[in-house]
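K.L.:
If you scroll down you'll find the structure; I have some questions about it.
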Amino acid sequence: MSSNIKIRKIQNQDLDFIYKAICELENEILDFEVFKTIFNENISNPKNRYLIAENENEGVGFISFHTQNLLHHCGLVGEIQEFFIHQNHRGQGVGRLLVNEILDFADQNNLKSIEVTTNKKRVENVAIYENLGFTLSHNKFTIYK
(Lines of atoms letter the chains of each structure in order from A and count residues from 1; the text may use other names and numbers.)
(Lines give C-alpha, C1' and ligand atoms only; values in the text may rest on other atoms or scores of the structure.)
Protein backbone atom coordinates (compact mmCIF):
# COMPACT_ATOMS: atom_id res chain seq x y z
CA MET A 1 0.00 0.00 0.00
CA SER A 2 1.34 3.39 -0.95
CA SER A 3 2.20 5.27 2.23
CA ASN A 4 2.57 8.57 0.40
CA ILE A 5 -1.13 8.62 -0.61
CA LYS A 6 -3.27 11.24 1.13
CA ILE A 7 -7.06 11.30 1.16
CA ARG A 8 -8.93 14.60 1.35
CA LYS A 9 -12.27 16.12 0.44
CA ILE A 10 -12.60 17.11 -3.19
CA GLN A 11 -12.52 20.86 -3.82
CA ASN A 12 -13.27 23.11 -6.81
CA GLN A 13 -9.66 22.93 -8.04
CA ASP A 14 -10.04 19.15 -8.51
CA LEU A 15 -12.61 19.59 -11.29
CA ASP A 16 -10.23 18.88 -14.19
CA PHE A 17 -8.91 15.66 -12.63
CA ILE A 18 -12.42 14.40 -11.85
CA TYR A 19 -13.69 15.35 -15.32
CA LYS A 20 -10.87 13.46 -17.05
CA ALA A 21 -11.34 10.46 -14.74
CA ILE A 22 -15.09 10.24 -15.42
CA CYS A 23 -14.56 10.61 -19.17
CA GLU A 24 -12.05 7.75 -18.99
CA LEU A 25 -14.38 5.66 -16.83
CA GLU A 26 -17.31 6.17 -19.20
CA ASN A 27 -15.15 6.04 -22.34
CA GLU A 28 -16.70 9.22 -23.73
CA ILE A 29 -16.21 12.98 -23.72
CA LEU A 30 -18.90 14.56 -21.55
CA ASP A 31 -20.20 18.12 -21.87
CA PHE A 32 -17.76 20.02 -19.63
CA GLU A 33 -20.12 22.88 -18.71
CA VAL A 34 -22.93 20.51 -17.70
CA PHE A 35 -20.40 18.35 -15.85
CA LYS A 36 -19.02 21.40 -14.00
CA THR A 37 -22.50 22.45 -12.85
CA ILE A 38 -23.29 18.97 -11.52
CA PHE A 39 -19.82 18.68 -9.94
CA ASN A 40 -20.22 21.96 -8.03
CA GLU A 41 -23.73 21.02 -6.90
CA ASN A 42 -22.64 17.59 -5.71
CA ILE A 43 -19.51 18.59 -3.82
CA SER A 44 -21.42 21.34 -1.98
CA ASN A 45 -24.23 19.00 -0.86
CA PRO A 46 -23.63 18.02 2.80
CA LYS A 47 -25.34 14.65 2.18
CA ASN A 48 -22.55 13.74 -0.24
CA ARG A 49 -18.94 12.80 0.40
CA TYR A 50 -16.44 13.33 -2.43
CA LEU A 51 -12.87 12.25 -1.72
CA ILE A 52 -9.67 12.35 -3.75
CA ALA A 53 -6.57 10.21 -3.29
CA GLU A 54 -3.37 11.97 -4.24
CA ASN A 55 0.36 11.52 -4.00
CA GLU A 56 2.75 14.44 -3.73
CA ASN A 57 2.37 15.22 -7.45
CA GLU A 58 -1.16 14.44 -8.62
CA GLY A 59 -4.56 12.90 -8.08
CA VAL A 60 -4.53 9.11 -8.43
CA GLY A 61 -8.15 8.25 -7.67
CA PHE A 62 -11.44 9.41 -6.23
CA ILE A 63 -14.74 8.23 -4.85
CA SER A 64 -18.16 9.88 -4.72
CA PHE A 65 -20.70 8.85 -2.10
CA HIS A 66 -24.30 10.02 -1.78
CA THR A 67 -26.58 9.42 1.21
CA GLN A 68 -30.34 9.48 1.54
CA ASN A 69 -33.03 8.40 3.96
CA LEU A 70 -34.88 5.43 2.51
CA LEU A 71 -38.25 4.24 3.71
CA HIS A 72 -37.53 0.55 3.12
CA HIS A 73 -34.42 0.78 5.32
CA CYS A 74 -35.99 3.11 7.90
CA GLY A 75 -32.83 5.14 7.86
CA LEU A 76 -29.86 6.58 6.09
CA VAL A 77 -28.26 4.58 3.27
CA GLY A 78 -25.20 5.51 1.24
CA GLU A 79 -24.28 4.65 -2.31
CA ILE A 80 -20.93 4.89 -4.03
CA GLN A 81 -21.76 6.67 -7.28
CA GLU A 82 -18.34 6.89 -8.93
CA PHE A 83 -15.11 5.13 -7.99
CA PHE A 84 -11.96 5.57 -10.05
CA ILE A 85 -8.31 4.64 -9.57
CA HIS A 86 -5.85 5.70 -12.26
CA GLN A 87 -4.55 2.66 -14.12
CA ASN A 88 -0.96 3.24 -12.94
CA HIS A 89 -2.07 3.05 -9.30
CA ARG A 90 -4.44 0.07 -9.33
CA GLY A 91 -3.62 -2.88 -7.10
CA GLN A 92 -1.68 -0.68 -4.65
CA GLY A 93 -4.37 -0.24 -1.98
CA VAL A 94 -5.57 3.20 -3.07
CA GLY A 95 -9.15 1.99 -3.53
CA ARG A 96 -9.14 0.38 -0.10
CA LEU A 97 -7.99 3.68 1.45
CA LEU A 98 -10.89 5.51 -0.19
CA VAL A 99 -13.46 2.85 0.78
CA ASN A 100 -12.16 2.83 4.36
CA GLU A 101 -12.83 6.58 4.56
CA ILE A 102 -16.38 5.93 3.37
CA LEU A 103 -16.79 3.14 5.94
CA ASP A 104 -15.63 5.51 8.70
CA PHE A 105 -18.08 8.17 7.49
CA ALA A 106 -20.87 5.56 7.44
CA ASP A 107 -20.08 4.50 11.02
CA GLN A 108 -19.96 8.10 12.27
CA ASN A 109 -23.33 8.83 10.63
CA ASN A 110 -25.11 5.58 11.58
CA LEU A 111 -25.78 4.50 8.00
CA LYS A 112 -27.83 1.32 7.63
CA SER A 113 -25.90 0.15 4.58
CA ILE A 114 -23.53 1.11 1.79
CA GLU A 115 -24.36 0.17 -1.78
CA VAL A 116 -22.40 0.19 -5.01
CA THR A 117 -23.44 -0.62 -8.57
CA THR A 118 -21.16 -1.54 -11.43
CA ASN A 119 -21.83 -1.82 -15.13
CA LYS A 120 -22.11 -5.43 -16.32
CA LYS A 121 -19.33 -4.79 -18.86
CA ARG A 122 -16.92 -4.22 -15.95
CA VAL A 123 -16.85 -7.88 -14.94
CA GLU A 124 -13.61 -7.49 -12.95
CA ASN A 125 -15.28 -5.02 -10.58
CA VAL A 126 -17.43 -7.73 -8.98
CA ALA A 127 -14.34 -9.43 -7.52
CA ILE A 128 -12.89 -6.06 -6.49
CA TYR A 129 -16.04 -5.07 -4.59
CA GLU A 130 -16.33 -8.49 -2.97
CA ASN A 131 -12.69 -8.19 -1.87
CA LEU A 132 -13.58 -4.82 -0.29
CA GLY A 133 -16.35 -6.51 1.73
CA PHE A 134 -19.43 -5.95 -0.42
CA THR A 135 -21.94 -8.74 -1.07
CA LEU A 136 -23.63 -9.20 -4.44
CA SER A 137 -27.24 -8.98 -3.23
CA HIS A 138 -29.36 -7.05 -5.75
CA ASN A 139 -30.17 -6.68 -9.42
CA LYS A 140 -30.46 -3.21 -10.93
CA PHE A 141 -32.71 -2.45 -13.88
CA THR A 142 -32.39 0.67 -16.02
CA ILE A 143 -34.42 2.52 -18.62
CA TYR A 144 -32.34 4.98 -20.64
CA LYS A 145 -34.08 8.08 -21.97
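Going left to right, the sequence shown walks through residues 289 to 433 as this note's numbering numbers them.
Glycine is no exception: its CB is placed at the ideal position from the N, C-alpha and C atoms.
1) Is Asn343 closer than 7 Å to Asn292 when the C-beta atoms are compared?
2) Are the beta-carbon atoms of Leu399 and Leu364 separated by less than 7 Å?
3) Measuring only the C-alpha atoms, how far is Thr423 from Val382?
4) Which residues in the same chain as Asn315 place their Cβ atom closer than 7 Å to its Cβ, once the five residues preceding and following it in sequence are excluded?
5) Where do the N-terminal and C-terminal ends of the alpha helix (DSSP H) with Ser332 fall, by residue?
6) Which residues mark the beginning and the end of the beta strand (DSSP E) in which Gly366 is found?
7) How long is the line joining the alpha carbons of Glu367 and Tyr338, rounded to whole angstroms?
8) What does DSSP give as the partner residues of Val404 in its beta bridges?
9) Let me know the secondary structure DSSP gives Leu358 once reduced to three states.
P.N.:
Working from what's here:
1) Yes. Within cutoff.
2) yes
3) Computed Cα separation, rounded: 20 Å.
4) So the list is empty, once near-sequence residues are dropped.
5) Segment Phe320 to Ser332, the alpha helix (DSSP H) holding Ser332.
6) Gly363 to Ile373
7) Those two C-alpha atoms are separated by around 12 Å.
8) Ile368
9) strand
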